[in-house]
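One structure below.
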Amino acid sequence: MGIFRSIEKGDHEQVVFCEDARSGLRAIIAIHSTALGPGLGGIRMRPYPSEQAALADALRLGEAMTKKAAVAGLALGGAKSVIFGDPRHDKTPERLRAFARRVEALGGLYVGAEDMGIGARDIDVMKGATRWVVGGSTRNGGRGDPSPATARGVFEGIKVAVAEALGASDLKGVRIGVHGIGAVGCKLARLLAGAGARLTLGDAEPAKAACLAHELGAAWCAPDALLTEDLDVFAPCSVGGVLTQSAVRALRARVVAGAANNPLASPAVGRALHRRAILYAPDFVVNAGGLIHVGAEHYGEPAAETARRVLDVGCTLAEVFARAREWKMAPSDAAEEVARRRLAFAGDAAQDVLEGMRVAAS
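With my numbering, letter number 241 in the sequence shown gets 241, and the count goes up by one each step, no holes.
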């Protein structure tokens, strides 16, 4: 699929390709929607195998951010950016500042935040060249790392999903496999262990999984092996696309709920889970805590109100499950419909305002 066709398919408002020869910057900023507010989304740095792979990641994640903000009831749109390169070797202050200048040139249409490969210190560097980034360190006026908020929201969502699917009132003894123990996955694992869950951890770095498993008294295995483990909950917390049609056929868990963005390889996978009576907690509902956290910094929301909103992720998920039953559809489709309706309402309201302005001017 060509680049322009990819952009048209996702109905993105704007896609910006960035290059700076002096710093070596190559990046893409994908703004999906500003219907509800500025497009806020993470800045991801990865050694992408191709430009097409990087573009696909930015487009897919930007669209997911639009849905996430809409379902969470935030006055934010959706966007995402990707920087080409290995963050362990290619990340320099010059490259970060060059990217920040591209963000500044957009005048607030896009607000960047932490993501894979980009942390609070990197955001601090970018703040020297743009007003439009959030999630910096607390010593520099930011709200700090959003991963604890993401993990807390997922934790609240898992409790709701377990109650829905298993009828359990708490997580004691519930068998949960955490697939990926990065910034969010490790924090989620600690919350789950504290609630008495029986954990099995999997990560692409076996030593990391073994170390955390030893700390928490958990089991560990290769990440792909979690799909066939005898689990109650499979919690994808790594890169997207891990749940394919073949993975769903092999999956033994009764609930899928995790922090990963776009864990389903396609929308059809959500329906396949539903047909197998595996309850799926839609990713852009359950992992909204991080967006709530950085959105609060952007708008200056009091910390206590932000904490309440993060805890409400579980309530939002319960509402999506209720709509899925009412509309007789898979939870993944119900969440999409909730997001679509809110965006449509915003579009109608904007049209009403414009029409009123035309009438007043006539």
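Yeah, the Cβ is synthetic: ideal placement off N, Cα and C, and Gly gets one too.
Euclidean distance between Cα positions of G202 and L343 = 37 Å
Note down the Cα distance separating I123 from E114, rounded to an integer number of angstroms.
-> 7 Å
Beta strand (DSSP E) runs contained entirely in the stretch 218–292, provided each spans 3 or more residues | 219–221 and 233–236
Distance CB(A259)-CB(A335) smaller than 8 Å = no
Cut-off 6 Å between Cβ atoms - residues of its own chain near S362, not counting five sequence neighbours on either side | Low local confidence applies: a pLDDT of 47 at S362 is under 50, so the model's placement there is unreliable, with the coordinate-based value given in what follows. Nothing listed; no residue qualifies.
Residue nearest to L59 in terms of C-alpha spacing, selected from C315, M116, C211 and A30 | A30
On the three-state DSSP scale, how would you describe L199?
-> strand
Have a look at M357 and H32 and give me their C-alpha separation to the nearest angstrom.
-> The predicted model places M357 with a pLDDT of 37, which falls under 50 and marks its position as unreliable; any figure quoted below should be read in that light. Taking the straight line from one Cα to the other gives about 26 Å.
Decide if A21 is buried, meaning its Cβ has at least 16 other Cβ atoms within 10 Å, or exposed.
-> exposed
Where E319 sits in the DSSP three-state scheme = helix
Backbone CA spacing between G180 and P206 [nearest angstrom] | 10 Å
Under 8 Å between C-beta atoms of G300 and A149 = no
Could you round the C-beta distance between I292 and L74 to whole angstroms and report it? I think they count as a contact, below 8 Å.
-> 7 Å
Can you say whether V359 is buried or exposed, counting buried as having 16 or more other CB atoms within 10 angstroms of its CB?
-> Only weak support exists for where V359 lies, its pLDDT of 45 falling under 50; the value from the coordinates is given anyway. Under this definition V359 is an exposed residue.
Any idea what DSSP makes of E13, helix, strand or coil?
-> coil
What's the gap between the Cα of G85 and the Cα of K91?
-> 7 Å
Thinking just about the alpha-carbon of each residue, which of A163, G295 and S332 is nearest to the one in L76?
-> G295
How about G270 and A322: do their beta carbons lie closer than 8 Å?
-> no
By DSSP, does D352 sit in helix, in strand, or in coil?
-> Only weak support exists for where D352 lies, its pLDDT of 48 falling under 50; the value from the coordinates is given anyway. The answer is helix: DSSP assigns D352 an H, G or I state.
Quick one: using the 10 Å Cβ neighbour count with 16 as the cut-off for buried, is C237 buried or exposed?
-> buried
Would DSSP call M45 helix, strand or coil?
-> strand
Does DSSP put G177 in a helix, in a strand, or in coil?
-> strand
Return helix, strand or coil for G194, following the three-state DSSP convention.
-> helix
Quick one: Cα of D170 to Cα of D224, how far?
-> 27 Å
Are V233 and I176 closer than 8 Å when you measure CB to CB?
-> yes
Where C186 falls, given that 16 or more other Cβ within 10 Å makes a residue buried | buried
Coarse secondary structure for R325, derived from DSSP in three states = helix
Boundaries (first-last residue) of the beta strand (DSSP E) holding L25 = L25 to S33
Quick one: measure Cβ to Cβ for L40 and M65, integer angstroms, because I've assumed they're closer than 8 Å.
-> 7 Å
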